[in-house]
Each structure stands twice: as C-alpha cells, then as structure tokens.
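Visitor: The structure that follows is given in the form of structure tokens.
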Amino acid sequence: MSGKTICLQNVEHFFSSHRIGEPPTKVLCQTSVTMPKQQFVSLVGPSGCGKTTVLNMAAGLVRPTQGNITLDGKTPKVGDPDVGYLLARDALLPWRTALMNVSLPLELRGGGRKERESLARKILEEVGLGNFADAYPAQLSHGMRQRVAVARTLVAEPNTLLMDEPFSALDAQTRLSVQQLFLRLWERVQSTVLFVTHDLTEAILMSDRVLVFSARPGEIVAEFEVDFERPRSLRELQSSERFHDLFRRIWDVFRQEVEV
Ligand SMILES: Nc1ncnc2c1ncn2[C@@H]1O[C@H](COP(=O)(O)OP(=O)(O)O)[C@@H](O)[C@H]1O
Ligand SMILES: [Mg+2]
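Mind the numbering: the sequence shown is residues 653 to 912 in my numbering, read in order.
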C-alpha cells in the first residue's frame, strides 16, 4: 500500500462570522505545498492558525474559499475509507467492543466477516491489546483506548492519514509508548501523513518534514527536512547533537510566532 500525493494550490480560507455584520475571518493565507507519497509531514504553529482547518480540507470536510486541495489529483471526499483521521479524543463507539471498533473501517470497505475479525484481532495484538478484544471502551484506560483508536485508524491501511494532536492528551509515559507503536505500524503501511502537534520533539521523532505556520491567518513561514534514519528511538535522537541543533532551529522560528 502506498500513500497519496497531497497538494494544496493557492489555498486560502475565510470563515464567516456568526455575528451579523461582522466581516469573515481570514484563517489561512494563500498556501501552496505538495506532500509527496509516503511523506510524514508535521504541521506546527500557534493555536488558531488554521492547522485543523488544513486537515479538515484534506478530509473533504471544509472546502477552501480559494484555490484547491487534491489527493492524487482528486478533490477529497468525506467518508473516503482510504483516509484515516485520528484525533486527541479517541472517538471510539462506546457500544462496540475494542474488536468491533477496530473492524469498523473494514466493514465500511466491505469484505467477509471472518477476514475482518482476523485482521482486527491481529492489529489489536500488535498494539498490545490482544486480551482486550472483547472489552468495551469504558472498561479501558485512556492510553488503551488511544491504542485501540490507532489500531482502528491503521487496520484498513489508509493511504492518507490525518492526525490532529493525536497523543496530546496522554501522559508522558503512555505517549512515548503509543508514539513508538504508531511509528512501527506506520513504517509498514507507509501512508502519506499530515500530523498536527504542538510538541517539537514529537514532530522531529515522527516526521520527514516539519512545516511551521505563522499566527492566524496562517502561512508557512519555514520548513525543515528531518532525515534521521528510521526506525527511530527518542533515546537515540536525544543523544545526538544533530537532533538538538534541529530542535533549536525549529524552535527559533516557532517561538517568534507564538510570542506575537
Ligand atoms: N467552523 C468554523 N467557523 C468559524 N470559525 C472557525 C471554524 N473552525 C475554525 N474556526 C476558526 O478558524 C481559526 C483556525 O482554526 P483551526 O484550524 O482550528 O486552528 P488550529 O487547529 O491551528 O488551532 C480559529 O480562529 C477558529 O476559531
Ligand atoms: Mg487544531
């Protein structure tokens, strides 16, 4: 399975105000950027600069006011089973077991029940929850629920992955283990990823490229290549001078935007 090319061409966005007579708010300045197949791209920038809006455009949930966004040349469609969307809140269905939550994207794709169950079971084992297949979300800890959500997002091997601060609500220890687990699975699936995070260490650990956005209206003010070999480990990165140097260079740009 290979990823899709995500392309933004002269994309600009305004949201209309809820108050009568107020002008629309410009959220995103004209932006053109291409994410090649299988690239893992992090978007960082101050709150409100339009990061989630960009993901929602890639999901087909928001149409840009100007310009266009395409996945392999096509306009994104809502509910496309080839697009996975992972949020900070796990959004599992409370009335379904872990196994049935994970098999949901496979159901949307079609395919036999036996095959769905065996794929879902296999990936639940890979995320360390083989023994919790029959548990309901309410019976799982937050970290376990997010691991189920990771399994559900990746089980159908979507070629595009949209991730909106997916690990930000986890405690530091759990976050580390879910990040590593996610990377392991992603290295197999190799989808193109748009990953929003506030955490620069996480951005460097996970991605091939980091785009830094300005404060609203957002525009890309800098971009950085991250060429550390994969598989990566945070411990190894943190002992490398190159990692700290890259962190400082990204932080220097990021800080100017958040301090405005
Ligand atoms: N549906 C909407 N209607 C009106 N304004 C919105 C809507 N969605 C987001 N916004 C506004 O657009 C701006 C960018 O939002 P968002 O993309 O969520 O930023 P970020 O994810 O970078 O924090 C914010 O000021 C937000 O309040
Ligand atoms: Mg957001």
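Cβ atoms here follow ideal geometry from the backbone N, Cα and C, with glycine treated the same way.
Within 8 Å, do at least three Cβ pairs link the region 817 to 832 to the region 662 to 677?
Guide: no
Visitor: Over the uninterrupted beta strand (DSSP E) stretch that includes valine 692, give me the two end residues.
Guide: The sequence given here places phenylalanine at residue 692; valine does not occur at that position. Unbroken beta strand (DSSP E) run through phenylalanine 692: 692 to 696.
Visitor: Along the alpha helix (DSSP H) that carries serine 770, what are the first and last residues, could you check?
Guide: 765 to 778
Visitor: Quick check on the burial criterion: 16 or more other C-beta atoms within 10 angstroms. Buried or exposed for valine 693?
Guide: buried
Visitor: Specify the secondary structure class of lysine 689 as computed by DSSP and reduced to three states.
Guide: coil
Visitor: Quick check on threonine 717 - is its C-beta less than 7 Å from some C-beta in chain C?
Guide: The displayed structure is made up of one protein chain only, and chain C is not part of it.
Visitor: Measuring from each Cβ to the nearest heavy atom of ligand 1, keep the ones under 5 Å and list them in chain order.
Guide: Phe667, Val679, Ser699, Gly700, Cys701, Gly702, Lys703, Thr704, Thr705
Visitor: DSSP three-state label for aspartate 816, please.
Guide: strand
Visitor: Measuring alpha carbon to alpha carbon, tell me which residue in Pro733, Asp734, Leu756 is nearest alanine 743.
Guide: Leu756
Visitor: What residue does the alpha helix (DSSP H) around glutamate 911 start on, and which one ends it?
Guide: Looking at the DSSP string, glutamate 911 is not in any alpha helix (DSSP H), and its letter there is neither H nor E.
Visitor: I need the DSSP call for serine 684, collapsed to helix, strand or coil.
Guide: strand
Visitor: Among Gln661, His794, Arg900, which has the Cα closest to the Cα of alanine 821?
Guide: Answer by Cα proximity: His794.
Visitor: Got a sec? Which residues, its chain only, sit under 6 Å from arginine 748 by beta carbon, not counting five neighbours each side?
Guide: none
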